[in-house]
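Numbering-wise, this note's numbering puts 35 at position 35 of the sequence shown, and it's gapless, one number per residue.
These notes are about the structure you will find just below.
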Amino acid sequence: MDGEAFPVIPGLLWFQLILNTGAAFGLFQSLGPLLALISVILIYAGYKIIRHEEDPLLVWSLAPILGGAAGNLIDRVFRGGVVDFIKIPAWPLFNLADCAITAGTAGVILYALMTRRREE
Numbered sequence: 001m002d003g004e005a006f007p008v009i010p011g012l013l014w015f016q017l018i019l020n021t022g023a024a025f026g027l028f029q030s031l032g033p034l035l036a037l038i039s040v041i042l043i044y045a046g047y048k049i050i051r052h053e054e055d056p057l058l059v060w061s062l063a064p065i066l067g068g069a070a071g072n073l074i075d076r077v078f079r080g081g082v083v084d085f086i087k088i089p090a091w092p093l094f095n096l097a098d099c100a101i102t103a104g105t106a107g108v109i110l111y112a113l114m115t116r117r118r119e120e
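Pasting the structure below:
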């Protein structure tokens, strides 16, 4: 499934199709089933948190994490790995689900910092 890089914005952005059977940055290549199980557990835990959470920042931060994790899980189950296709300089290939997970994680960190500040 590995493909040739197709320039979208020359020197800045390419599309290149690969199947990543590991985790982020290609780590843990032989642990696909374990990664799928961990994803299911984390999606379930995040869903339980969202159902009972009232702070909109935390809810809106967890939602893209859960969506991205679910998207990657679907790829992992039906394709045997996660389809990564976005290439930028000096960074491993990634996909839109990874972008959602990263943005959501930034929101969770912001929520934690704001909660800590409120408690002080």
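Every residue gets a Cβ at the ideal spot worked out from N, C-alpha and C, and that includes glycine.
Where the beta strand (DSSP E) through TRP14 begins and ends: For the purposes of this step, residue 14 is taken as the residue at position 14 of the sequence shown. Here the beta strand (DSSP E) through TRP14 covers 13–20.
Where PHE28 falls: helix, strand or coil (DSSP): By 1-based counting over the sequence shown, the position of residue 28 is 28. Note: PHE28 maps to coil in three-state DSSP.
In the DSSP assignment, the alpha helix (DSSP H) including ILE65 goes from what residue to what residue? The residue labelled residue 65 in the question sits at position 65 within the sequence shown. For ILE65, the enclosing alpha helix (DSSP H) stretches over residues 56–79.
Along the chain, where does the beta strand (DSSP E) that runs through ASP84 open and close? Counted from its first residue, the sequence shown places residue 84 at position 84. ASP84 -> beta strand (DSSP E) spans 82–87.
Do LEU37 and VAL108 have their C-beta atoms closer together than 9 Å? In the sequence shown, the residue the question calls residue 37 occupies position 37. In the sequence shown, the residue the question calls residue 108 occupies position 108. No, the pair does not count as a contact, with Cβ atoms beyond the cut-off.
Under a three-way DSSP split, which group does PRO7 fall into? Here residue 7 refers to the residue found at position 7 of the sequence shown. Correct three-state label for PRO7: strand.
Would you kindly report the start and end of the unbroken alpha helix (DSSP H) that includes LEU113? Translated into the one-based positions of the sequence shown, residue 113 becomes position 113. LEU113 -> alpha helix (DSSP H) spans 96–119.
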